[in-house]
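Count along the sequence shown starting at 1, add 710, and that's the number in our numbering.
Note that beta-carbon positions come from the ideal geometry of N, C-alpha and C, so glycine has one too.
All values reported here derive from a predicted model rather than from experimental measurement.
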Amino acid sequence: MNHFLEISQLSYNQIEQLLARANHFKKTNQYPSFSTHRLANLFYENSTRTRVSFELAAHNLSIPVINLSSANSSESKGENMGDTIRTLAAMGIGLFVIRHSQDGLQQALANQLGNTESIHIINAGDGIHAHPSQAMLDLMTILETKPFLSRLKIAIVGNIRHSRVANSLVHLFSLMGVGELTLVAPDIWLPDSVHYGRATNSLRDGIEDADVVICLRVQRERLLDNEHIDLQTYRRDYALTTSTLGYAKSDVMVMHPGPVNRGIEIDDEVSDGTQSFILRQVANGVYMRMAIIESLLLKAP
Ligand code: CP
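Below you can see the structure in the form of structure tokens.
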């Protein structure tokens, strides 16, 4: 593959290959060197986990990293993003990790740049559309503890309608054959259509006997005026607390892509509790992003 844009463009075999390489890196701590390559982190929305883990992933692969944002690049002077990428490519940069608020921007850039073999675009989150590297590291984390996906009941709780993470996870869980998937949200935050799994507005119904509960951040910045919900009402009906988690299996994995709004969608006792895999997700992100970068540079089929 030349770009890493969204889960629906990956095959089952490509996903298996990425998981295998990420697990290999984690197990061996032995990494190949791609020191003749360069990577640019172009983040036009804030990020801690994704930006830093792509940077660490590149460092582990001996790839120098350049960090740019709209504020500190010539885009603040009117340059368009295609020209910014061509300019950086002329200096020898081939890998572009891009986060942007516009749905589909990375795909549009990939189309615009054509099949320039030496340019690889990695989607680090586009609007409410996709966050494929997050979905991949989430899958890696689940499989480490619960390897039989077809037997699992997974629930995703939160603002599904505006979540690029949920979008990518639904595609990934569908492709990999997760046994049961439930999307849990107030009606106004449920998607118009569900192509895999089922939707419910009841937290109890959604997480009952779940093996994995993935809690999403309440993304207030993405809501339209008529989509706001009183946070205390949301908390009352949908927060993961020690009490509500009792609906799920006793060995449930609690996950959250971060950043976490403590005391809103999840309580400290749950996010810091023994069932929490939140920091494991963060740690696995570095290995998964190494696998993604490697697959682009080796042009894995
Ligand atoms: N999960 C995630 O995308 O977190 P950041 O916004 O910190 O990158």
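Taking 7 Å as the cut-off, does the CB of ASP969 come closer than this to any heavy atom belonging to ligand 1?
The sequence given here places Pro at residue 969; Asp does not occur at that position. Yes, Cβ of PRO969 sits closer than 7 Å to a heavy atom of ligand 1.
Residues in the same chain with beta-carbon distance under 6 Å from GLN985, minus the five sequence neighbours each way, listed in chain order, please.
So the qualifying residues of the chain are VAL962 and VAL964.
Per DSSP, what are the beta-bridge partners of MET965 in this structure?
MET965 pairs with ILE924.
Inspect the beta-carbon positions of ASN869 and VAL928 and report whether they are closer than 8 Å.
Yes, these two residues count as a Cβ contact at 8 Å.
Can you check which of these residues, HIS905, ARG874 and ILE864, is closest to VAL922 by C-alpha distance?
Checking every option, the nearest Cα to that of VAL922 belongs to ILE864.
Out of ILE803, ARG809, LEU729 and ALA767, which has the shortest C-alpha to C-alpha gap to TYR754?
Among ILE803, ARG809, LEU729 and ALA767, the Cα nearest to that of TYR754 belongs to ARG809.
Got a sec? Which residues, its chain only, sit under 8 Å from GLY887 by beta carbon, not counting five neighbours each side?
Same-chain partners within the cutoff: LEU859 and SER860.
Rounded to whole angstroms, what is the Cα-Cα separation between ASN770 and VAL894?
Using only the alpha carbons, I get a separation of about 38 Å.
Output needed for MET998: all residues of its chain with C-beta closer than 6 Å, excluding positions within five of it in sequence on either side, in chain order.
So the list reads ALA732, MET846, LEU847 and MET850, once near-sequence residues are dropped.
Looking only at C-alpha atoms, which of SER721, TYR722, LYS737 and ARG748 sits nearest to GLU1004?
Closest by alpha carbon: ARG748.
Under 7 Å: does the beta carbon of ARG759 sit that close to some heavy atom of ligand 1?
Yes.
Once you ignore the five residues that flank ASN821 on each side, which residues in its own chain have a CB closer than 6 Å to its CB?
No residues qualify anywhere along the chain.
Taking the alpha-carbon of ILE773 as reference, which of ILE832, SER757, ALA750 and SER873 has the nearest alpha-carbon?
Checking every option, the nearest Cα to that of ILE773 belongs to ALA750.
Please state the DSSP three-state secondary structure of LYS959.
Residue state, collapsed to three classes: coil.
Below 8 Å on the Cβ atoms is my contact criterion, and I expect GLU716 with SER878 to pass it. Report the Cβ-Cβ distance as a whole number of Å.
With a Cβ gap of about 7 Å, GLU716 and SER878 count as contacting.
Just to confirm the assignment, what range does the alpha helix (DSSP H) spanning VAL875 have?
Unbroken alpha helix (DSSP H) run through VAL875: 874–886.
In the DSSP assignment, what residue or residues form a beta bridge with SER986?
DSSP, once it has assigned bridges, lists VAL964 as partnering SER986.
Considering only the alpha carbon of each residue, which of ALA876, GLU890 and LEU1007 lies closest to ASP915?
Of the candidates ALA876, GLU890 and LEU1007, the one whose C-alpha sits nearest the C-alpha of ASP915 is GLU890.
How would you call ARG761, buried or exposed, if buried means at least 16 neighbouring beta carbons within 10 angstroms?
That one is buried.
Quick check: the Cα distance between LEU885 and ASP947, rounded to an integer number of angstroms?
For LEU885 and ASP947, the distance between alpha carbons rounds to 31 Å.
Taking one C-beta from the region 822–835 and one from the region 795–806 each time, how about it: are there three or more such pairs within less than 8 Å?
Flag = yes, the region 822–835 and the region 795–806 touch.
Under the criterion of a Cβ to heavy atom distance below 7 Å, does GLN844 qualify as lining ligand 1?
Correct: GLN844 has its Cβ closer than 7 Å to ligand 1.
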